[in-house]
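Counting from 9, one number per residue, gives the positions in the sequence shown under the working numbering.
Right, one structure below, let's go through it.
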Amino acid sequence: MDTYTLGGSTLAAAGTVLTREDVQNAIARAKQDWESTADTLPHVVCLLDDQRCAVRVNRVIESWQLGRVNEVLGRDMHELLHPGGCGPDCELGRLLDESWKRLRDGQFAEFEVFDCTLERALQVALRRISADASGRRSPGHARAVMIVYDVTPLHAARAALVSLNESLEARVHARTAELESANRDLQNEILRRESAEDALRQSRNELALLSQQLIKAQESERRRIAQELHDSVGQSLSAIKYSLERATVLHRQERHADTHPLLIRTVERVQETISEIRAIAANLRPSVLDDLGVASALAWLCREFGETYPDIGVHTCISAADPDIPQRLTTTVFRCTQELLNNVAKHAKATHVSVALARETSTVTLIVCDDGVGLPRASSSGSFWLGHGIRNLRERTEMTGGKLTLASEPGCGTRARIDWHLTSTDLADAWTAQSATQLK
Ligand SMILES: Nc1ncnc2c1ncn2[C@@H]1O[C@H](COP(=O)(O)OP(=O)(O)OP(=O)(O)O)[C@@H](O)[C@H]1O
Ligand SMILES: [Mg+2]
Ligand SMILES: [Zn+2]
9 MDTYTLGGST LAAAGTVLTR EDVQNAIARA KQDWESTADT LPHVVCLLDD QRCAVRVNRV
69 IESWQLGRVN EVLGRDMHEL LHPGGCGPDC ELGRLLDESW KRLRDGQFAE FEVFDCTLER
129 ALQVALRRIS ADASGRRSPG HARAVMIVYD VTPLHAARAA LVSLNESLEA RVHARTAELE
189 SANRDLQNEI LRRESAEDAL RQSRNELALL SQQLIKAQES ERRRIAQELH DSVGQSLSAI
249 KYSLERATVL HRQERHADTH PLLIRTVERV QETISEIRAI AANLRPSVLD DLGVASALAW
309 LCREFGETYP DIGVHTCISA ADPDIPQRLT TTVFRCTQEL LNNVAKHAKA THVSVALARE
369 TSTVTLIVCD DGVGLPRASS SGSFWLGHGI RNLRERTEMT GGKLTLASEP GCGTRARIDW
429 HLTSTDLADA WTAQSATQLK
């Protein structure tokens, strides 16, 4: 008995005779089944024969514009997908050949490739179709099924995901770098503020110390003035009072010959006392400082020093004129010179001292040099200063924008130099003062 098979399934059961009509009906049904299933799929489904030629293809082939279903039947599977031909190095062709070989070895084959000819990413799966129950295969029988999926959107999505990941990673990197640099800036700022706070604290402490010293200096100055008034003026006034009382008694006794010399002596004492008071006042603040200016006051101070200490030769080199020195510096320059000269007299055992005051365009320089014993060596703690003189001088200098430099070698004398850098206000003031002097 003849049996008819379709798609590998046997249509005749043992002992059943099929008419031609039955077979045609069965074929029509199978066709319908194929159309209702394979044609609705979104991928290419193709049945292949022994020669890997298409025996059936679904309609997707048309929507992929690879030809009409009827035209493509009988084409080799490679030609089916590349109907317009392709180069000898076609990757799809190579992979199809390999897959076909594996299929012949009884294996299942699947691969993915981006096909430049179709401009699609393809996923291709090839499976064997087993022979029918009788084991026979007529020519044109399907031996394998090839399913070609278009995975382009999937690839695009994957690529988009990868690029998104990369850009996300780049942004995370950039943000991390930004944060790190902001963090560094913040840390630097914290350090800067901490050091500014330290400096502020230190300058507050120094200021407190300075004001304490100022109060002490003021007190000791008051004590010194009180002492001086007591010892000199007080003594003189007591002596004058006593002489006048004595003169009154002598006058009452009409001892005119004794009264006269006593009164002359008393007038001399009064004159001396006046001079003493002048000297005290001049020492407190020489009037020449206010009347003329600091350059003239220094010249006066040096003269006074020379008279007071005749064993020390004084050389004065004052190249600056009174109006050259800004008003705000006059007292400081005077007091510094006074302290430096006092130190020479007290400590240096010098035979010569020189005092120089010069004005450059934007600096005022005071130099006091002696040829005495030099400063004592600093102790291990770096300090040899027992008195307040130098410390006060340094603070006074720094408060007025100057810088003190002390240089000394034992036995080779001491050189004190102070430089004041003039501000633009100083320069303007000096200019006004100079113009005023020229007009006089
Ligand atoms: N020209 C100098 N030659 C040698 N030693 C000096 C000279 N000037 C200062 N000294 C030394 O430096 C020390 C400190 O001087 P500073 O003027 O600070 O204090 P002082 O003169 O001892 O006391 P004060 O000025 O408070 O009355 C002095 O005791 C002295 O040993
Ligand atoms: Mg001193
Ligand atoms: Zn090809």
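For each residue, glycine too, the CB sits at the ideal point set by N, CA and C.
These figures come from a predicted structure and were not determined experimentally.
Does the distance from the CB of residue i to the CB of residue j come in under 7 Å?
i              : j              : result
proline 418    : glycine 395    : no
aspartate 47   : asparagine 33  : no
aspartate 332  : threonine 373  : no
methionine 85  : arginine 102   : no
serine 107     : leucine 134    : yes
valine 241     : isoleucine 282 : no
aspartate 97   : arginine 128   : no
glycine 380    : alanine 356    : yes
leucine 300    : leucine 365    : no
proline 294    : aspartate 434  : no
isoleucine 326 : alanine 358    : no
Just to confirm, does residue i get its C-beta within under 6 Å of one of the non-hydrogen atoms of ligand 3?
i             : result
glycine 82    : no
histidine 455 : Only positions 9 to 448 of the chain appear in this structure, which leaves residue 455 out of reach.
cysteine 94   : yes
glycine 101   : yes
cysteine 98   : yes
Could you give the distance in angstroms between the alpha-carbon of residue i and the alpha-carbon of residue j?
i              : j             : result
proline 269    : threonine 256 : 13 Å
aspartate 378  : glutamate 406 : 23 Å
alanine 165    : leucine 49    : 21 Å
tryptophan 439 : tyrosine 317  : 37 Å
aspartate 57   : valine 153    : 9 Å
threonine 340  : aspartate 206 : 29 Å
valine 156     : cysteine 54   : 8 Å
leucine 126    : valine 31     : 39 Å
leucine 169    : arginine 28   : 58 Å
alanine 415    : alanine 436   : 33 Å
arginine 232   : glutamine 210 : 32 Å
proline 147    : alanine 62    : Since pLDDT at proline 147 reaches only 45, below the 50 mark, its modelled position is unreliable, and the value read off the structure follows with that caveat. The straight-line gap from Cα to Cα measures roughly 12 Å.
valine 68      : arginine 112  : 26 Å
serine 388     : glutamate 276 : Caution is warranted here: a pLDDT of 45 is assigned to serine 388, below 50, making its placement in the model unreliable, and no coordinate value can be reported.
Ligand 2 heavy atoms versus the CB of residue i: any closer than 6 Å?
i              : result
asparagine 291 : no
glycine 395    : yes
For the alpha helix (DSSP H) that residue i lies in, which residues bound it at each end?
i                 : result
valine 372        : Not the alpha helix (DSSP H): valine 372 falls in the beta strand (DSSP E), residues 371-378.
tyrosine 250      : 243-260
aspartate 41      : 28-45
aspartate 298     : 295-299
phenylalanine 342 : 338-351
Any chance the CB of residue i is under 6 Å from a heavy atom of ligand 1?
i              : result
glycine 380    : yes
isoleucine 398 : yes
histidine 355  : yes
valine 352     : yes
leucine 218    : no
proline 384    : yes
threonine 324  : no
Hey, out of the options, whose CA is closest to residue i's CA?
i             : options                : result
histidine 149 : Leu88, Leu258, Gly82   : Gly82
glutamate 362 : Leu172, Thr345, Thr371 : The residue asked about is misnamed: residue 362 is serine in this sequence, not glutamate. Cα-wise, what sits closest to serine 362 is Thr345.
serine 71     : Val52, Val63, Arg64    : Val52
Starting from residue i and walking both ways along the beta strand (DSSP E), at which residues does that stretch end?
i             : result
arginine 137  : According to the sequence provided, residue 137 is isoleucine. The question's arginine does not apply to it. No beta strand (DSSP E) contains isoleucine 137, which DSSP labels as neither H nor E.
histidine 323 : 321-326
valine 77     : First-last for valine 77: 77-80, but that is the alpha helix (DSSP H), not the beta strand (DSSP E).
glycine 410   : 410-416
So that I know if they touch, is there some Cβ in chain C lying closer than 7 Å to that of residue i?
i           : result
glycine 409 : The question asks about chain C, but that chain is absent: this structure has only one protein chain.
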